[in-house]
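First the structure, in the form of structure tokens, and then the observations on it.
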Amino acid sequence: MAAPAAPDTSEAPAPAESPAELPEVAAGVSSWAVAWRQFRKDRLAMFGVALVLVLGGVAVFAPLLANGRPLYVRGYLTDFYDADAAAFADWHRRLIHTVQELRAGVPRRDLEATERRYRLYVEGLPRVLQRLADNLPGPLREELLTLRGQYTALLAAPRSDIDLDALDVLGQRIERRFGALSLSSAYKRAALPLLELSEVFDAVRDGRETLAARDATADERAEAKRALAAARKDARRIAGTLAEATLSVQTFLDATPRDRLARSTGALCRGLLALADDPQNPSLD
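Our numbering numbers the first residue of the sequence shown as 9 and each following residue consecutively.
Now the structure itself:
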């Protein structure tokens with residue numbers, strides 16, 4: 009007789025859950041409409057769409073909002089200023105040389121190119137001076153514009169009547185006064201004369217000692233006098249250069265250091281001029 013079958017103790021499988029009911033779609037509604045209805049429920053997505061539309065509108069209509077006026081930048085634009093200052097110094101020298109060439113006579117094959125260079129310099133140099141003046145504050149700007157008017161008036165004369173000596177003097181004056189109005193150039197121009205002071209003082213000290221020595225020969229005394237005469241010229245030249253160069257440095261300083269520099273420079277220049285007048289009397293200390 010067969011054994012009875014063991015009872016089935018395994019649990020019956022749970023009935024499968026019915027899937028979530030999909031939203032009812034009305035007849036005649038497209039899938040795009042259904043997707044848009046679902047998309048509108050996502051606030052972050054709607055914010056992104058709105059932001060894209062706003063940025064796109066700004067990009068499209070921004071040209072219509074511009075007034076068309078150019079932008080101007082005023083201030084110490086040292087890179088542009090240095091470039092224009094160097095351009096003026098270079099073109100000024102080239103203009104003098106070109107006028108001298110035309111007056112001396114140039115070969116026919118080079119005449120047209122030389123005249124074209126002359127017109128370029130005559131038209132371009134006043135523009136360079138105008139750009140330099142536009143980068144300067146009020147008093148310096150007015151000073152440079154005055155010199156620019158004088159420079160332009162000299163260029164307005166016929167080529168054969170241009171006073172090259174007066175033009176060269178005026179160009180060098182502009183270059184010395186305004187070519188150093190960038191901070192690095194100003195300090196360099198002010199420091200260079202100071203480097204020569206030790207040589208002048210050494211020459212004056214040696215000359216004094218030679219003249220004061222009882223055993224100095226006549227040739228040594230004559231050489232000492234020549235050295236003192238040369239030191240007088242150097243002292244006067246350094247005083248003039250230093251006084252002019254420190255004016256450029258003072259442009260970049262506040263009131264207190266500017267006054268202090270002016271007083272120190274004035275005292276040093278007065279001492280140098282006294283040394284130039286009589287190299288045997290002023291104290292070198």
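Cβ atoms here follow ideal geometry from the backbone N, Cα and C, with glycine treated the same way.
query, result
"Going by C-alpha to C-alpha distance, which of Leu133, Asp171, Leu144 sits closest to Arg111?", "Asp171"
"Starting from Ile182, follow the alpha helix (DSSP H) in both directions and report where the run begins and ends.", "172-186"
"Please report the straight-line C-alpha distance between Arg244 and Pro166, rounded to a whole angstrom.", "38 angstroms"
"Using only the alpha-carbon positions, how far apart do Glu252 and Val68 sit?", "56 angstroms"
"Below 7 angstroms, is the gap between the Cβ of Pro71 and the nearest heavy atom of the ligand ZN?", "By its list of ligands, the structure shown contains no ligand whatsoever, and the ligand ZN lies outside what it can speak to."
"Let me confirm a value: His100 is counted as buried when at least 16 other C-beta atoms fall within 10 Å, else exposed. Which label applies?", "buried"
"Would you kindly check if the distance between the Cβ of Thr160 and the Cβ of Pro134 is under 8 angstroms?", "yes"
"For the region 118-129 against the region 139-157, do three or more pairs of beta-carbon atoms, one drawn from each stretch, fall closer than 8 angstroms, so that the two count as touching?", "no"
"Name the residue from Val62, Ile104, Phe47 whose alpha carbon lies nearest to the alpha carbon of Val177.", "Ile104"
"Run through DSSP, which three-state label would Pro145 get?", "coil"
"Inspect the beta-carbon positions of Thr254 and Leu269 and report whether they are closer than 8 angstroms.", "yes"
"Suppose you measure from the CA of Ala141 to the CA of Ala97; what does that come to, to the nearest Å?", "15 angstroms"
"In or out: Asp92 buried (at least 16 other Cβ within 10 Å) or exposed?", "buried"
"If I'm right that Ala239 touches Ala211 with Cβ under 8 angstroms, what's the distance once you round it to whole angstroms?", "4 angstroms"
"Below 8 angstroms on the Cβ atoms is my guess for Arg45 versus Met54; work out the distance and round it to an integer in Å.", "Not really, about 12 angstroms apart at Cβ, beyond 8 angstroms."
"At what residues does the alpha helix (DSSP H) containing Glu207 begin and finish?", "205-220"
"Pro201 and Thr249 look like a contact to me (Cβ under 8 angstroms); what is the Cβ gap, rounded to whole Å?", "5 angstroms"
"Which value, in whole angstroms, describes the spacing of the CA atoms of Ser206 and Arg213?", "10 angstroms"
"Which residue wins for smallest C-alpha separation from Asn143, given the options Ala263, Phe186, Arg216?", "Phe186"
"For Pro257, count neighbouring Cβ atoms within 10 angstroms of its own Cβ and tell me buried if that reaches 16, exposed if not.", "As written in the sequence, residue 257 is Val, which differs from the Pro given in the question. So Val257 ends up on the buried side."
"Does Thr225 come out as helix, strand or coil in the three-state DSSP assignment?", "coil"
"In angstroms, rounded to a whole number, what distance separates the CA positions of Tyr89 and Asp267?", "26 angstroms"
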